[in-house]
Ligand code: B1M
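Numbering (this note's numbering), first residue to last: 48 to 270.
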């Protein structure tokens, strides 16, 4: 089996070439896409995040690492998506207005795809009216918002209000480093997930009552 610490190191160093090569090699060696994600990519970014916090690295290093992670994710994404039999449901996701962080949001999107969701990714800096417009267009059953800055969290509340004002019944999930369950409750979101894997669990849990409709075959897909 591939040594995924090499992948984590490549992310920390922002070495795109090694990150994509090790991701490919690990897949070829039979490592699961999920372990590559968790033990390689996420592990590397966590280390870098901690160093950034301690001012041991600065924005340029972080940007370069983020780019390496994105490139490796491009290799990994089809493999994660392959695990899904057919779309469980449509999930609209975006980073809220004023916020350009997308690594966590992309991870959530990837894991949702891996779990069989059809994901419509709006990108970053998405204003409330755009969430509303695209929710109507796509008829998504779930809407996810990500925020990494305390200053952009209020845009989540505005978006929840705009969705309610537009009579959109989709369930709303929020997440991102500064977001908490208490905040989700306060703004009237349907749920909060602290990380990507639990976002998938939450999405499934929120869907089940609507999805089953007496047909347990959909539960097999969810499982
Ligand atoms: Co930014 N940044 N940043 N940054 N950056 C943080 C968030 C910060 C905590 C760093 C710090 O000071 N210690 C700080 C925020 C402080 C605060 O508000 N409390 C900060 C700041 C201040 C800034 C700038 C203002 C810096 C500046 O310019 N002076 C600026 C703002 C730009 C803007 O958005 N308008 C900025 C810029 C950047 C970069 C562009 C350099 C880069 C982003 C690159 C990119 O995303 N493409 C960047 C990065 C990378 C970080 C850190 C280092 C790492 C974030 C990250 O990707 N983490 C971060 C420090 C840190 O977190 N330690 C920091 C890895 C990622 C996997 O985790 O996104 O938390 P995360 O996602 C997790 C969970 O939160 C959850 O699942 C994910 C995976 O498990 N999750 C969800 C996320 N979204 C979810 C949605 C869900 C459910 C779960 O449901 C829908």
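Virtual Cβ for every residue (Gly too), placed ideally from N, Cα, C.
Looking at the DSSP output, residue 193 sits in a beta bridge with 142 and 222. In terms of Cα proximity to residue 220, the closest of 214, 194 and 177 is 194. In this structure, the C-beta of residue 176 stays at least 7 Å away from each heavy atom of the ligand B1M. When the alpha-carbon of residue 149 is set against those of 249, 92 and 63, the nearest one is in 92. In this structure, residue 196 has its CB closer than 7 Å to one or more heavy atoms of the ligand B1M. In the DSSP assignment, residue 167 is bridged to 139.
Under a 10 Å Cβ-count criterion, residue 188 is classified as buried, with 16 or more other Cβ atoms of the shown protein chains found around its own Cβ. In the structure shown, residue 215 falls within a coil segment according to DSSP collapsed to helix, strand and coil. For residue 61, same chain residues with a beta-carbon under 6 Å away, outside a window of 5 residues either side, are 111, 112 and 115 in chain order. Comparing alpha carbon positions, the residue from 186, 237, 151 and 182 closest to residue 171 is 151.
Here the distance from the Cβ of residue 109 to the nearest heavy atom of the ligand B1M is below 7 Å. The alpha-carbon of residue 199 is positioned some 35 Å away from that of residue 69. Residue 147 counts as exposed, since fewer than 16 other C-beta atoms from the protein chains shown sit within 10 angstroms of its C-beta. Close CB contacts of residue 71 within its chain, under the 7 Å cut and outside five residues either way in sequence, are with 122 (chain order). For residue 173, the CB stays at least 7 Å from every heavy atom of the ligand B1M. A residue is called buried when at least 16 other Cβ atoms come within 10 angstroms of its Cβ; residue 103 does not meet this threshold and is exposed.
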